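Reviewing the structure listed below.
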Amino acid sequence: MRNPIIDVGAKELSYEIREIVDIAKKVEKFGINITWENIGDPIAKGEEIPEWIKEIIAEIVRDNNSYAYCPTKGLPETREFLSERVNERGGVQITAEDIIFFNGLGDAIAKIYGLLKRQVRVINPSPSYSTHSSAEASHAGSPPITYFLDPKNYWYPDIDDLEKRIKYNPAVSGILVINPDNPTGAVYPKKILNEIVDLANEYDLFIICDEIYCNLIYNGKKQHLLCEVIDDVCGLSLKGISKEIPWPGARCGWIEVYNADKDEEFKKYINSIYKAKLIEVCSTTLPQMAIPRIMGHKNYKKYLNERNKFFEKRSNTAYKKLKDLEGVIANKTNGAFYMSVVFEDKYLNGDNSIKINDKRLKEFMESQVKDASIDKKFVYYLLASTGICVVPLTSFCSQLNGFRITLLERDDKKFNWIFDTLAEKIEEFIL
Ligand SMILES: Cc1ncc(COP(=O)(O)O)c(C=O)c1O
């Protein structure tokens, strides 16, 4: 090339959740049957969409309007429907104009960070969902700035750590919160959300709250939304249908903008996000047409309850099987459908390993984990010895060694096998 064309931020882009698929495909060629536990796609894991939802979508497919572009911010009646749901919570009040649709939250996330001034930082949780941390760091051209989620305190944010990081990094202008959280499955109490809002208030920051899992909460935990606690602070709530309906292939999510009129700079920033969508024209029309019909349907609440009961059962079984193992910290998940397990440092050294019977496969895996983190070694060896494909925790912007696994497996027997095998392999790796 005549000029160097690669941006400094490019090296911050990584998404191990999908990158591990290449390795797993190679392992498959050695005759190993892969159990995909790396990605949060309920449909890929065999969840069936109920007939009444399929009928709504089939009806929309027959409507010529579903083939058209829609307004840039999204269909007005759908935004109206969603803004009313926010207002019903009794906190911050919005109108349909405060909602912008995107082609999935992945699209929203790219724009949210991409349109910030390069020097400005949004502090991420650690561990963090890698789409956020990668997009933020790539935009800034340097590694993420993070605050600690504490596995010894139900994976709740360490508020003292958050405050220190904000105080000593003047570039931090926003706080990212993911609630319920990916990758930990934690659901935050109102007190913690209030403390984050207080910090945002004190340091004049905005809040980004990714609430894509806000209706996937169980084990008796209560849902507390950003709109209920935000007061006068500027903020964005990110929501979508990928996990909730679940319809990830629709590529449909939206942002709700809170208190844009309270700060001129924030208002201009939101306008730049809108303009970026404007030059793309709009987001997918068909799923937007479906949202009020599905979420407003008489069966919807019951349907969500049934799904949550399923994940509650999965959460409790997984916790029971891992909680007493020596050398790991396992928390019970209360929302979303992931569990993160941490290896305690004192159990880790150069000798941690899992037996791989096939000599050629063993050599291949060894070549792949040279200089890798210890948790990546666990994940790769687990894959080669059992076919179970999980994701190393260090790939979620974390210093902690561990892994993330999904709770999505539909078949009870297979689910038990996955977690029994996992427990066995953890013991082999640690001891
Ligand atoms: C916390 C979180 N936010 C956003 C997304 C992306 O959602 P979408 O399918 O709308 O791009 C995911 C996907 O796993 C997620 O876990």
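Heads up, the sequence shown is in the numbering used here, so the first residue is 1229 and it goes up one at a time.
Glycine included, every Cβ here is placed at the ideal spot set by N, Cα and C.
All figures in this text were calculated on a predicted structure; none of them were measured in a lab.
Quick check: residue i and residue j, are their CB atoms within less than 9 angstroms of each other?
i: Thr1323; j: Tyr1502; result: no
i: Ile1522; j: Ile1281; result: yes
i: Gly1342; j: Ala1600; result: no
i: Val1457; j: Asp1326; result: no
i: Cys1625; j: Asn1352; result: yes
i: Arg1638; j: Glu1247; result: no
i: Phe1329; j: Ser1500; result: no
i: Cys1437; j: Leu1454; result: yes
i: Glu1686; j: Ser1595; result: Missing from the structure shown is residue 1686; the chain here goes from 1229 to 1659 and no further.
i: Leu1377; j: Ala1414; result: yes
i: Phe1631; j: Ser1568; result: yes
i: Pro1379; j: Ser1354; result: no
i: Thr1513; j: Asn1293; result: yes
i: Pro1520; j: Glu1305; result: yes
i: Ile1616; j: Leu1650; result: yes
i: Ile1602; j: Phe1643; result: no
i: Gly1237; j: Ser1366; result: yes
i: Met1194; j: Val1348; result: One cannot answer for residue 1194 here, as it falls past the ends of the chain, which runs 1229 to 1659.
i: Leu1344; j: Trp1482; result: no
i: His1452; j: Pro1411; result: no
i: Leu1466; j: Ile1267; result: no
i: Phe1606; j: Phe1565; result: no
i: Leu1553; j: Glu1655; result: yes
i: Ile1406; j: Tyr1431; result: no
i: Ser1242; j: Ser1358; result: yes
Using a Cβ-Cβ distance under 9 angstroms, would residue i count as near chain B?
i: Leu1333; result: The chain labelled as chain B is not found in the depicted structure, where only one protein chain is given.
So who's on the other strand from residue i, going by DSSP bridges?
i: Pro1385; result: Leu1377
i: Ser1595; result: Looking at the DSSP assignment, Ser1595 forms no beta bridge with any residue, so it has no partner.
i: Tyr1486; result: Gly1463
i: Val1400; result: Arg1349
i: Phe1571; result: Val1556
i: Thr1545; result: Looking at the DSSP assignment, Thr1545 forms no beta bridge with any residue, so it has no partner.
i: Val1619; result: Arg1632
i: Thr1263; result: Ile1616
i: Cys1437; result: Val1405 and Ser1465
i: Ser1566; result: Note that residue 1566 corresponds to Tyr in the displayed sequence, not to Ser. Beta-bridge pairing links Tyr1566 to Thr1634.
i: Ile1327; result: Glu1484
i: Ile1445; result: Gly1563
i: Ser1354; result: Phe1376
Below 8 angstroms, is the gap between the Cβ of residue i and the nearest heavy atom of ligand 1?
i: Gly1413; result: no
i: Ala1564; result: yes
i: Asn1443; result: no
i: Pro1661; result: Nothing in the structure corresponds to residue 1661, since the chain is present only between 1229 and 1659.
i: Asn1266; result: no
i: Ser1470; result: yes
i: His1452; result: no
i: Gly1318; result: no
i: Cys1437; result: no
i: Gly1481; result: yes
i: Ile1582; result: no
i: Leu1333; result: yes
i: Gly1359; result: It should be noted that the sequence gives Thr, not Gly, for residue 1359. Yes - ligand 1 has a heavy atom lying nearer than 8 angstroms to the Cβ of Thr1359.
i: Ile1440; result: yes
i: Asn1352; result: no
i: Ile1337; result: yes
i: Leu1550; result: no
i: Asn1585; result: no
i: Val1466; result: Sequence inspection shows Leu at residue 1466; the Val mentioned does not correspond to that position. Yes, the Cβ of Leu1466 comes within 8 angstroms of a heavy atom of ligand 1.
i: Ile1406; result: yes
i: Asn1381; result: no
i: Asn1410; result: yes
Are there any heavy atoms of ligand 2 lying less than 8 angstroms away from the beta-carbon of residue i, as far as the coordinates show?
i: Ile1285; result: Of the ligands one can find in the structure shown, namely ligand 1, none is ligand 2.
contact_flag[the stretch 1570-1587, the stretch 1605-1613] where n(CB pairs < 8 angstroms) is 3 or more
With three or more CB-CB distances shorter than 8 angstroms, the stretch 1570-1587 counts as touching the stretch 1605-1613.
Are the stretch 1310-1322 and the stretch 1539-1551 in contact at 8 angstroms, needing three or more beta carbon pairs?
With a cut-off of 8 angstroms, the stretch 1539-1551 and the stretch 1310-1322 do not count as touching, because too few Cβ pairs lie within range.
Using 8 angstroms as the threshold, is the stretch 1372-1392 in touch with the stretch 1422-1438, meaning 3 or more CB pairs across them?
Touching, yes.
So does the stretch 1430-1449 actually touch the stretch 1559-1578, counting three or more Cβ pairs closer than 8 angstroms?
A contact exists between the stretch 1430-1449 and the stretch 1559-1578.
Check whether the stretch 1392-1402 and the stretch 1256-1273 are in contact - that is, three or more C-beta pairs closer than 8 angstroms.
At 8 angstroms Cβ cutoff, the stretches do not touch.
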